[in-house]
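J.:
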Amino acid sequence: MKLTRYLKTMVLGLVLTGMLVFAGNVTAADMPGKGTTVQPARATWTTGFFLEALYSRALSDLGYEVRTPKDLSNPIFYQAVTQGDVDYWANGWFPLHNAQLPENFDAKAEKVGYVAQAAALQGYLASKDLVEKYDITSLEDFKRDEVKKAFDDNGDGKADLVACPPGWGCEKAITRHMKAYDLGDHINLIKAGYSASMADAVARYESGGPVFFYTWTPNWTVYKLKPGEDVLWLNVPEDLEGENTDASGIEGAVTDPIKMGFIPNDIVVVANKDFLQDNPAAAKLFQVMYVPIQEIFAQNNKMFEGENKQRDIERHVDEFIAKHNNKWNEWLQAAREAAK
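Once you know that position 48 of the sequence shown is 47 in numbering that gives the first Met the number 0, the rest is easy, because the numbers rise by one and skip nothing.
1. Does the Cβ-Cβ distance between residue 150 and residue 312 come in under 8 Å?
2. Would a C-beta distance cut-off of 8 Å place residue 267 and residue 93 closer than the cut-off?
3. Enumerate in chain order the residues of its own chain whose CB-to-CB distance from residue 340 is below 7 Å, with the five nearest sequence positions on each side excluded.
4. So the candidates are 124, 50, 293; which of them puts its Cα closest to the Cα of residue 253?
5. When DSSP labels each residue in this structure, what does residue 219 get in the three-state scheme?
6. From what residue to what residue does the beta strand (DSSP E) around residue 231 run?
7. Is residue 217 buried or exposed, if buried means 16 or more other CB atoms sit within 10 Å of its CB?
8. Quick check on residue 211: does DSSP put it in helix, strand or coil?
9. Would you list the residues sitting across from residue 93 in a DSSP beta bridge?
10. Is residue 76 helix, strand or coil by DSSP?
11. Between the segment 108-124 and the segment 284-292, do at least 3 Cβ pairs fall closer than 8 Å?
12. Measure the CB-CB distance between residue 153 and residue 144 and report whether it falls below 8 Å.
13. For residue 99, does the count of other Cβ atoms within 10 angstroms reach 16, so buried, or fall short, so exposed?
14. With burial defined as no fewer than 16 other Cβ atoms inside 10 Å of the residue's Cβ, what is the status of residue 131: buried or exposed?
15. So what does residue 119 bridge to, in DSSP terms?
16. For residue 284, which of 297, 169, 295, 269 has the nearest alpha-carbon?
17. Answer yes or no: do residue 120 and residue 263 have a C-beta to C-beta separation smaller than 8 Å?
18. Got a sec, what are the start and stop residues for the alpha helix (DSSP H) residue 287 sits in?
19. Excluding five sequence neighbours on each side, which residues of the same chain lie with their C-beta closer than 8 Å to the C-beta of residue 188?
20. Leaving out five residues on either side along the sequence, give the residues of the same chain with a beta carbon under 6 Å from the beta carbon of residue 220.
21. Just to confirm, is the Cβ distance from residue 341 to residue 38 under 8 Å?
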């Protein structure tokens, strides 16, 4: 009787041990990042928060322990990623950010994968009704007194343009345009917090006032003020040396083709090279994962409408995964295979 009980106990123990080993093997295969801590960074513009949350969630699903992201300006991030102080971010804009890369960038860091390829437009938009009323086609028209007056909100005699805060790549580009096209005496640049300034502009438009602003895509601004319906993209007077910003087929452009003034950008992941080498699963994830541009538009608008807390953003990630579950699982599986 005791022998039988002993044998049963031994058999059960062997079975349980086998189950645990099997379970451990499955967990190891599904969680190649287990035991590794990742430090992401996040851009200071709120429309990039969703991208950080998506990529961090994917890494978590691979077993990585993902820390709270560090909010960094562009130049500080690129220094930090080359030094290994952060591992990656999903907010790289190129070629816009090229001028902000440190000299040792190529040796220490890498652009990897496309969050959104050639989908990041930049340019200037203004109220459709006023553009048509005053026959505005480019920034050059803002030198005309009647145009300046139509877009002068603070009474200083200049057209008011919602621009970019200091330290952003677009702030330098806009300042360069103002100087190159001799627009400093005609356009007043609003460089306060972008989201707050654009919220004021939207409210002004909804009250019947004018809007004139710089923006980029993906962004909630073109979800709220639709090109072709509410606003129109404007030309710059001419391309600056070494650039070709001509674009065709742009919805809501005042002309076709149009000189946008900015070369279309790719949104990419930028990561530390040592991190990529040590973590083939993460490297593969960055290579294959992407975010449809319309999904970014829609999520950014939700944030503008008030769903802007971190718990809201995490819920948006849940909704994205549920909607794209098959693709999400494909990305994770590709990352797992790369780690074998």
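Cβ atoms here follow ideal geometry from the backbone N, Cα and C, with glycine treated the same way.
T.: By the coordinates alone:
1. Numbered from 1 along the sequence shown, position 151 holds the residue referred to as residue 150. Numbered from 1 along the sequence shown, position 313 holds the residue referred to as residue 312. Contact flag unset, no.
2. Within the sequence shown, the letter at position 268 stands for residue 267. Within the sequence shown, the letter at position 94 stands for residue 93. Against a cut-off of 8 Å, the Cβ pair of residue 93 and residue 267 comes out as a contact.
3. For residue 340 there is no data in the structure shown, the boundaries of the chain being 0 and 339.
4. Here the question's residue 253 lines up with position 254 in the sequence shown. Considering only alpha carbons, the answer is 124.
5. Along the sequence shown, read from residue 1 onward, the residue named residue 219 stands at position 220. Reduced to three states, the DSSP call for residue 219 is coil.
6. The sequence position of residue 231 within the sequence shown is 232, counting from 1. Per DSSP, residue 231 belongs to the beta strand (DSSP E) from 230-233.
7. Residue 217 sits at position 218 when you count from the first residue of the sequence shown. Under this definition residue 217 is a buried residue.
8. By 1-based counting over the sequence shown, the position of residue 211 is 212. Note: residue 211 maps to strand in three-state DSSP.
9. For this step, residue 93 is matched to residue 94 along the sequence shown. When beta bridges are read from the DSSP output, residue 93 appears opposite 265.
10. As a working note, residue 76 is residue 77 in the sequence shown. In the structure shown, the three-state DSSP call for residue 76 is helix.
11. Yes, the segment 108-124 is in contact with the segment 284-292.
12. Here residue 153 refers to the residue found at position 154 when the sequence shown is read from its first residue. Here residue 144 refers to the residue found at position 145 when the sequence shown is read from its first residue. Taking a C-beta distance under 8 Å as the contact criterion, residue 153 and residue 144 do not qualify as a contact pair.
13. If you number the sequence shown from 1, residue 99 lands on position 100. Within a 10 Å sphere around the beta-carbon of residue 99 sit 16 or more other beta-carbons, which makes this residue buried.
14. Indexing the sequence shown from 1 puts residue 131 at position 132. The residue in question, residue 131, is exposed, as its Cβ has fewer than 16 Cβ neighbours within 10 Å.
15. Reading the sequence shown from its first residue, position 120 is the one you call residue 119. For residue 119, the pairing in a beta bridge is given by DSSP as 264.
16. By one-based count along the sequence shown, residue 284 stands at place 285. Cα-wise, what sits closest to residue 284 is 269.
17. As a working mapping, residue 120 is identified with position 121 in the sequence shown. As a working mapping, residue 263 is identified with position 264 in the sequence shown. Result yes, Cβ atoms of residue 120 and residue 263 sit closer than 8 Å.
18. For this step, residue 287 is matched to residue 288 along the sequence shown. In the DSSP annotation of this structure, the continuous segment of the alpha helix (DSSP H) that includes residue 287 starts and ends at 279-287.
19. Residue 188 sits at position 189 when you count from the first residue of the sequence shown. Within the same chain, residue 188 has close Cβ partners 160, 162, 173, 174, 177.
20. Counting from one through the sequence shown, the residue named residue 220 turns up at place 221. The answer, listed in chain order, is 197, 214.
21. Past the boundaries of the shown model lies residue 341; the chain is included only from 0 to 339, so the question cannot be answered.
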